[in-house]
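Taken in order, these protein sequences are the chains called U and Z. The first sequence lines up with residues 1 to 263 when you count with full-length UniProt numbering. The second sequence lines up with residues 1 to 358 when you count with full-length UniProt numbering. We treat Cβ as the ideally placed atom computed from N, Cα and C, and that holds for glycine. Every value quoted in this text rests on a predicted model; they were computed, and no experiment measured them.
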Amino acid sequence: MRWGWQAIRLWTVLVYGFMFLPVAVVVLLSFNASQFGAFPMTGFSLRWFVELAQNDAIMRAFRTSIVLGLLTAAISTTLGVLASLALVRYRVPGANAISTLLIAPILVPEVVLAVALLLFLNFLGLHKSFALLLFGHVIFTLPFVILVVQARLIAIRRDVEEAAMSLGASPVQAFFQITLPLMLPAVLAGALFAFTISFDDITGTLFWKPGGVETVPTQIFAMLRNSISPEINALGTVMIVMTVGLPLLGAAIARHLARKSGT
Amino acid sequence: MSSVVLDNIVKRFGSFTAVHPTSLEIPEGTFLTLLGPSGCGKTTNLRMIAGLLDPTEGEILIGGRRVNDVPIHKRNLGIVFQNYALFPHKSVADNVAFGLKYRDVPKSEIAGRVQAALDLVQLPDVGGRYPRELSGGQQQRIALARAIVIEPDVLLLDEPLSALDANLREDMRVELKRIQDKIGVTTVFVTHDQSEALAMSDRIVVMSAGRVEQVGTPEEVYNRPASEFVANFLGASNILESRCTDTGRDAVQLDVPVFGAVPVPVDKAPEVRPGPAKLVLRAEKLLLLAEDAEAPGMVTAPAVVETVDYQGQTVRYFIRAGDRQLQAINMIDGHPFAKGTQVTAAFRPRDCAGLPGA
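Right, dumping it as structure tokens:
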């Protein structure tokens, strides 16, 4: 029995190693002083990060990604909160069907969704644009927001809202004074999900982006076609920090808020 | 303070009728209890008065004004909910002050009124704390303070004691009544607990299946139940099929199997007419005596003890008299009767009530 457990431990280490070593290598090599992104390392340097900051194409892609991510987060969160409120707090005919439809983009393979939206817009005679790209990102980040916010909203008792209204708050005042503060951790978590997913996305973005617009992932993809520059390692490291760091930060904020509100 | 009038209100949910036509008048300053089992429509009535539900038919008047179309936040009501419904993200003081913000109360006055409300519920020092730091009983007191600080026209209490422990519940019951007496606000209290209803109310409305069964003072509904349902819901009663043989000026003669003739006072059997009738005999009014004991002025019958349910101060017996099983709750004098003992079951006719038979 003992060697069995040892074997499982070893296997676990191997699996995690297989998953995370490549990431570790990218991060490590981004600090390599050498021209070539390969071992052995010749010394510690931040020059690839500096070059990254001086590369216009990359900085443009960065700005695009951040603007796209922020807009996606703002729109998705607003729509998601409103949809959750409608589905949880009001009797909507066909609420289950609507809920399933809104969640569906998670279940459909992204490529299919990407092609479908493109064909649909072609059919309507619309051209690719930044707005279309944003639209696409909203569609597949919305389910995450709805799932998180809905779960929270169900846990907020209806009687606290009723109490607020009985004391003189109008329904809108009761929402901003009571419901929104109580669901804020979930709203923030949903917004963070939306931002990170949008920031990370490549499949849909490749289909939907208009010519000349690059996001960070599509920029990396384009650069990889030419050569493996050490700059890419640096860019990868920045991406990792953002996409791992932001949710961790968000979780910490949400925990803090939840502790404050005692729920 | 205002009176509340329900004028033929009806509430339907789809094809289900939760409240059948109901009319009630609640005079200013009254403590009125809606009492009944779950699903009897008592909470639906309360929520219609509150404005959380719209009546399907009928009118609701508060202080003489029709409020059917007035939304909840403009009705000036204080509501206390079963699960307190305090705002978890606001301090106790902010919870209590919440309603004052919507009432043009000058900022300088708010703190004073909040403190006065906290004093009234005997929790003067918790203003800076958060609801989660308080016990259930304390949270319910804060919920009460929050509801009364706005000087509501009507105070609505939706099973406010049922989430509390048994001991605490009795303390809160006394406390709640004390506060209501002090501020004199018209109060509608919803409960399924008969002892709460009997202890606190000026008037009790007993409800069953969306209908009002009886309205009266606690003494009236307890001693003169208007229906079999009321007799059984308020305490344990024995309902004995009988025949009315004569209705006199003072007493109604009921012929009860095994026990014989029982002259029930007319005011306790106002509806009984000659023919089939029912005798309502409360379990605590049915006395068990030794087999050969004398019981002057009482109606008696021989019986056998079948089950003994010992409860310390009292004991509950199930006895068999003839072919009927009866329930008797007696104080213990010495030792309780053992199972199988031959006893004399006795009661006074004036402790009974009569209902018309089916």
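Taking C-beta separations shorter than 6 Å and ignoring five residues to either side along the sequence, the partners of Z:Thr187 in its chain run Phe31, Leu155 and Gln180, following chain order. In the displayed model, U:Pro143 falls within a helix according to three-state DSSP.
Z:Asp323 counts as exposed, since fewer than 16 other beta carbons sit within 10 angstroms of its beta carbon.
The criterion of a C-beta distance shorter than 7 Å is not satisfied by Z:Asn95 and Z:Gly58. Beta-bridge partners of Z:Glu57 (DSSP): Z:Val10. Distance between Z:Asp202 and Z:Gly216, taken at the CA atoms: about 8 Å.
In the DSSP assignment, U:Pro105 falls within the unbroken alpha helix (DSSP H) covering Ala95 to Leu107. In the three-state reduction of the DSSP assignment, Z:Asn95 falls in the helix class. Under the three-state reduction of DSSP output, Z:Met48 falls in the helix class. Shortest Cα-Cα distance from Z:Arg273 to any of Z:Val221, Z:Gly354 and Z:Ile60 involves Z:Gly354.
Rounded to whole angstroms, U:Phe207 and U:Pro171 show a C-alpha spacing of 43 Å. In the structure shown, Z:Glu213 adopts extended strand secondary structure according to DSSP, grouped into three states. A Cβ of chain U is located within less than 7 Å of the beta carbon of Z:Ile79.
Unbroken beta strand (DSSP E) runs of no fewer than 3 residues, entirely contained in the stretch 128-191 of chain Z, are found at 154-158 and 186-191, following chain order.
The Cβ atoms of Z:Phe347 and Z:Val308 do not sit closer than 7 Å to each other.
Bounds of the beta strand (DSSP E) holding Z:Ser237 are Ser237 to Thr247.
At least one C-beta of chain Z is nearer than 7 Å to the C-beta of U:Ala163.
The three-state secondary structure of Z:Glu28, taken from DSSP, is coil. Judged by beta-carbon spacing, Z:Arg211 lies beyond the 7 Å limit of Z:His73, meaning their Cβ atoms are not closer than that value. Identification of chain Z residues near U:Pro109 by a Cβ-Cβ cut-off of 9 Å yields none; the smallest Cβ-Cβ distance measures about 41 Å.
Any Cβ of chain U closer than 7 Å to the Cβ of Z:Leu52 would place that residue at the interface, and such an atom is present. For the pair Z:Arg129 and Z:His89, the Cα-to-Cα distance works out to about 11 Å.
Ranked by Cα distance from U:Ile156, the first of U:Phe175, U:Ile253, U:Leu224 and U:Ala191 is U:Phe175.
Counting along the chain, the unbroken beta strand (DSSP E) around Z:Gly78 starts and ends at Leu77 to Val80. Under the Cβ criterion of 7 Å, Z:Ile72 is counted among the residues facing chain U. A direct Cα-to-Cα measurement between U:Val50 and U:Leu70 gives close to 25 Å. Assignment of U:Arg255 by DSSP, reduced to helix, strand and coil, places it in the helix class. By the C-beta criterion, the stretch 241-252 of chain Z is judged to be in contact with the stretch 272-286 of chain Z, since at least 3 inter-stretch pairs fall below 8 Å. If you check the CB distance, Z:Phe337 and Z:Ala301 do not come in under 7 Å.
For the options Z:Pro257, Z:Arg141, Z:Arg65 and Z:Leu164, the alpha carbon positioned closest to that of Z:Asp153 is the one of Z:Arg65. At a cut-off of 7 Å between beta-carbon atoms, Z:Tyr102 makes contact with chain U.
Taking the C-beta atoms as reference points, U:Ile220 is found no nearer than 7 Å to U:Ile228. For the C-beta of Z:Ala85, the chain U residues within less than 8 Å are, from N- to C-terminus, Arg157, Asp159, Val160, Glu162 and Ala163.
As a beta-bridge residue in DSSP terms, Z:Ser208 pairs with Z:Arg211.
Around the beta-carbon of U:Thr77, 16 or more other beta-carbon atoms lie within 10 Å, marking it buried. When CB distances to chain Z are screened at a threshold of 7 Å, the residues of the stretch 165-184 of chain U falling below it are Met165, Ser166, Leu167, Gly168, Ala169, Ser170, Ile178, Pro181 and Leu182, in chain order.
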